[in-house]
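Peer 1: Starting off with a structure, shown below.
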Amino acid sequence: MAQQVDCPCGETVRGEDDDELVANVEQHISDKHPDMVGTMSREQILGMAVEA
78 MAQQVDCPCG ETVRGEDDDE LVANVEQHIS DKHPDMVGTM SREQILGMAV
128 EA
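For any residue, its number in the working numbering is found by taking its place in the sequence shown, counting from 1, and adding 77.
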């Protein structure tokens with residue numbers, strides 16, 4: 078089941094499964110919000126996810 082996280086910056090990050098979504102969100106954080114790298118756990122990211 079595809080999921081997505083809507084970042085407060087306005088970007089939507091998607092993934093086809095939990096692993097892909099977490100990896101994509103972590104990459105987005107690294108690229109766009111480097112000050113936040115390492116601040117969000119897998120559980121926090123998945124807790125923000127909604128069905129895409």
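Idealized CB from N, CA, C, for every residue including glycine.
If we require 3 or more residues per run, which beta strand (DSSP E) segments fall completely within the segment 87 to 123?
Peer 2: The qualifying runs are 89 to 92.
Peer 1: Please classify residue 126 as buried or exposed, where buried requires at least 16 other C-beta atoms within 10 Å of its C-beta.
Peer 2: Counting Cβ neighbours within 10 Å, residue 126 comes out buried, since at least 16 surround it.
Peer 1: Would you kindly check if the distance between the Cβ of residue 82 and the Cβ of residue 102 is under 7 Å?
Peer 2: Yes, the pair counts as a contact, with Cβ atoms nearer than the cut-off.
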